[in-house]
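Using the working numbering, you'd call the opening residue of the sequence shown number 140 and step up by one each time. So the structure is just underneath, and the comments pick up after that.
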Amino acid sequence: MVEAVQDAGVVVTGAGGGIGAALARRFAAEGARVVVNDLDADKARAVADEIGGIAIPGDASAIVAEARDALGGSVDVYCANAGVGSGGSEAAGEPVWALAWDVNVMAHVRAAEALIPGWLERGRGRFVSTVSAAGLLTMIGAAPYSVTKHGAYAFAEWLSLTYRHRGIKVHAICPQGVRTDMLAATGSAGDLVLQPTAIEPQAVADALFKGIEEDRFLILPHAEVAAYYQGRAGDPDRWLTTMNHIQQKWEAGQ
Numbered sequence: 140m141v142e143a144v145q146d147a148g149v150v151v152t153g154a155g156g157g158i159g160a161a162l163a164r165r166f167a168a169e170g171a172r173v174v175v176n177d178l179d180a181d182k183a184r185a186v187a188d189e190i191g192g193i194a195i196p197g198d199a200s201a202i203v204a205e206a207r208d209a210l211g212g213s214v215d216v217y218c219a220n221a222g223v224g225s226g227g228s229e230a231a232g233e234p235v236w237a238l239a240w241d242v243n244v245m246a247h248v249r250a251a252e253a254l255i256p257g258w259l260e261r262g263r264g265r266f267v268s269t270v271s272a273a274g275l276l277t278m279i280g281a282a283p284y285s286v287t288k289h290g291a292y293a294f295a296e297w298l299s300l301t302y303r304h305r306g307i308k309v310h311a312i313c314p315q316g317v318r319t320d321m322l323a324a325t326g327s328a329g330d331l332v333l334q335p336t337a338i339e340p341q342a343v344a345d346a347l348f349k350g351i352e353e354d355r356f357l358i359l360p361h362a363e364v365a366a367y368y369q370g371r372a373g374d375p376d377r378w379l380t381t382m383n384h385i386q387q388k389w390e391a392g393q
């Protein structure tokens, strides 16, 4: 058992399936009291019933107050997991870009705005952001997703450096391919880049809990992402050339 989460009040957004459901199950198994959120009310209730949690369906941006009440007055851990895997280029269209920005970034900002004041008063709180390796690197064929996941990572990083001395813990989870409906929706780009090393959602939950135990900000369920990230920072042009070769390979297969 991880002592830091025993009897904690936990909220997991986008928890009707995939990574979110795996996180909800793991928190419940560790003795936490879990609010399961998802836009799909039936999926949220199914996971909540399975783990003995509380289902609060709806927009992840608007549930903090209701979740706080359901957990007896405080949220100890907030998992900003809900996301959209918007594909396309710069020409994806403003509605696509706006949705990606709203769900992948602004939902995190709104949750933090609602939670941080109380956490600062108490001197503790934990914010878990499900980002993606795309937030550290990029993803071919998915400009809105890549750009907004960079934003999600930047916001998590900012929260951590701003509030860590005041008792607030922040974790950014950055996996590559995970066997979920979102991965299935990535089509041929996902088949080329993500499927070969895809992992199960439970492996992501395991990586998070190891990171909680070790008090680490950056959670990398795929260890190789660290080397990719270092390569990108150390020699951006070489990294971009490599990624462009992958882009060309993808285009040739279309």
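We put the CB at the ideal spot given by N, CA and C, even for glycine. Only a predicted model underlies this, so the values are computations on that prediction, with no experimental measurement involved.
Endpoints, the alpha helix (DSSP H) within which residue i is located
i, result
"T381", "P375 to A391"
"V235", "E233 to W240"
"R249", "A246 to R261"
"G159", "G157 to A168"
"G212", "Unbroken run through G212: none, as it is neither H nor E."
"E142", "Taken as a continuous stretch (DSSP letters only), E142 belongs to no alpha helix (DSSP H), as it is neither H nor E."
"G329", "G326 to V332"
"D188", "A180 to I190"
Which of helix, strand or coil DSSP assigns to residue i
i, result
"I195", "coil"
"L276", "coil"
"A281", "strand"
"I202", "coil"
"G370", "helix"
"G306", "coil"
"A365", "helix"
"A154", "coil"
For residue i: DSSP bridge partner residues
i, result
"S268", "A219 and A311"
"I338", "V317"
"I358", "I312"
"G227", "A281"
Supposed contact pair residue j and residue i - C-beta distance, whole angstroms, cut 8 Å
i, j, result
"L395", "V309", "Since the first residue shown for the chain is 140 and the last is 393, residue 395 is missing from the structure and cannot be characterised."
"F266", "A219", "7 Å"
"A143", "I307", "The pair is not a contact, with the Cβ atoms about 13 Å apart (cut-off 8 Å)."
"G155", "V186", "6 Å"
"L275", "Y292", "6 Å"
Endpoints, the beta strand (DSSP E) within which residue i is located
i, result
"V151", "G148 to V151"
"V174", "R172 to V175"
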